[in-house]
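Colleague:
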Amino acid sequence: MRILFVTSNKGKVSEARKLLADLGHTVEQLLVGGLAPKFNEPKELGIEAVANSKMVQALNLLEQEGIEGVAVMVEDSGVFLDAFDEWPGAESAEVEDKIGLEGILSLLKEDMSRGAEYRAVAKISDGFSTWSAEGVCRGKIADSVRGSGGFGYDPIFIPDEGDGRTFGEWEEGKFTGITHRAKAMNGLAELLESPSR
Ligand code: ITT
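Residue numbering for the sequence shown follows the numbering used here, starting at 1248 and increasing by one per position.
#1: Around the C-beta of V1383, are 16 or more other C-beta atoms found within 10 angstroms, so that it is buried, or is it exposed?
#2: Consult DSSP for K1285 and reduce its assignment to one of helix, strand or coil.
#3: Please report the distance separating the alpha-carbon of I1425 from that of G1399.
#4: I'd like the span of the alpha helix (DSSP H) that includes K1257, first residue to last.
#5: Go ahead and pull the three-state DSSP assignment for G1411.
#6: Taking all protein chains shown into account, decide if F1375 is buried (16 or more other Cβ within 10 angstroms of its Cβ) or exposed.
#7: Whose C-alpha, out of L1251, A1340, E1338, K1345, is nearest the C-alpha of A1283?
#8: Consult DSSP for V1319 and reduce its assignment to one of helix, strand or coil.
#9: Under 8 Å, do V1260 and V1274 count as touching if we go by C-beta distance?
#10: Excluding five sequence neighbours on each side, which residues of the same chain lie with their C-beta closer than 6 Å to the C-beta of A1431?
#11: Secondary structure at R1385, three-state DSSP: helix, strand or coil?
#12: Can you find a heavy atom of ligand 1 that lies under 7 Å from the Cβ of S1324?
#13: Pull up the distance between the alpha-carbon of K1290 and that of A1337, whole angstroms please.
#14: Which whole-angstrom value describes the C-beta separation of G1396 and E1416, a residue pair presumed to lie in contact below a C-beta threshold of 8 Å?
#15: Comparing the CB of A1340 with every heavy atom of ligand 1, is any distance shorter than 7 Å?
#16: Check the DSSP bridge columns for T1377 and list the partner residues they point to.
See below:
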């Protein structure tokens, strides 16, 4: 299946591409006039609502642009720190821009939980039906920024299913099926293949 991925984040595109290529799908970033379209994201409502909103806007855009015969995929994700209530969640990118990874580390005092999880909601539509899947990757926040691989919070996120390194230290890339995005996209791929779809 040819999938247009609606995102401005190249890290997400390369992860989705590697993951879905193995399942026989091609993934391209949706670009209009060479640019990733900017959509309104109701971040205060959480990642599921943001993903729904991106899908509605993306389908409208494809119709306007006369793009047909492709599947469209959206994804919204974020990191959720156990020490705070559902935060930064859908606001992860903005919080990182504002205070940086060092700023996040300085918020976590010694007696606070370092548990955290990445969550992703991914949706795919063929223009008639939409399928949705979620993925969670549990881990903990490191004591310091380590490694420069990946993107976003990866240099401070140590996945529970890993070997103690932050995702930023995974030089070989973090595409082993343990990420929230991989789990959500594998979920989508299963739904697409299910005979009842
Ligand atoms: P699009 O909305 O255009 O897809 P974005 O980067 O703004 O791109 P989100 O709104 O979904 O994406 O924000 C996700 C943020 O959550 C991302 O920018 C990171 O700060 C964090 N995040 C999500 N998944 C991550 C991952 O796999 N590794 C590191 N940080 C991640």
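All residues carry an ideal CB built from backbone N, CA and C; glycine is no exception.
Since the structure is predicted, the reported quantities are computational estimates derived from the model, not experimental observations.
Modeller: This is what the structure gives:
#1: By 1-based counting over the sequence shown, the position of residue 1383 is 136. Burial call: exposed.
#2: Locating residue 1285 in the sequence shown gives position 38, counting from the first residue. It is coil, neither helix nor strand.
#3: Locating residue 1425 in the sequence shown gives position 178, where the first residue counts as 1. Locating residue 1399 in the sequence shown gives position 152, where the first residue counts as 1. Between I1425 and G1399, the C-alpha separation is close to 17 Å.
#4: Along the sequence shown, read from residue 1 onward, the residue named residue 1257 stands at position 10. Counting along the chain, the alpha helix (DSSP H) containing K1257 begins and ends at 1257-1268.
#5: On the sequence shown, residue 1411 is found 164 positions in, with the first residue counted as 1. If DSSP states are grouped into helix, strand and coil, G1411 belongs with coil.
#6: Position 128 of the sequence shown holds residue 1375. F1375 comes out exposed.
#7: For the purposes of this step, residue 1283 is taken as residue 36 along the sequence shown, with counting starting at 1. Closest by alpha carbon: L1251.
#8: Your numbering for residue 1319 matches position 72 in the sequence shown. Strand at V1319.
#9: As a working mapping, residue 1260 is identified with position 13 in the sequence shown. As a working mapping, residue 1274 is identified with position 27 in the sequence shown. Yes, these two residues count as a Cβ contact at 8 Å.
#10: Residue 1431 sits at position 184 when you count from the first residue of the sequence shown. Closer than 6 Å at Cβ, skipping near neighbours: A1367, A1369, A1380, E1381, G1382.
#11: As a working mapping, residue 1385 is identified with position 138 in the sequence shown. Strand, per DSSP.
#12: Within the sequence shown, numbered from 1, the residue matching residue 1324 stands at position 77. Under cutoff, so the answer is yes.
#13: For the purposes of this step, residue 1290 is taken as residue 43 along the sequence shown, with counting starting at 1. For the purposes of this step, residue 1337 is taken as residue 90 along the sequence shown, with counting starting at 1. Approximately 5 Å, taken between the alpha carbons.
#14: Position 149 of the sequence shown, counted from the start, is the residue given in the question as residue 1396. Position 169 of the sequence shown, counted from the start, is the residue given in the question as residue 1416. Indeed, because the Cβ distance is near 7 Å, the residues count as touching under 8 Å.
#15: For the purposes of this step, residue 1340 is identified with residue 93 of the sequence shown, where counting begins at 1. Indeed, a heavy atom of ligand 1 lies less than 7 Å from the Cβ.
#16: To locate residue 1377, count along the sequence shown from 1; it is residue 130. Beta-bridge pairing links T1377 to S1372.
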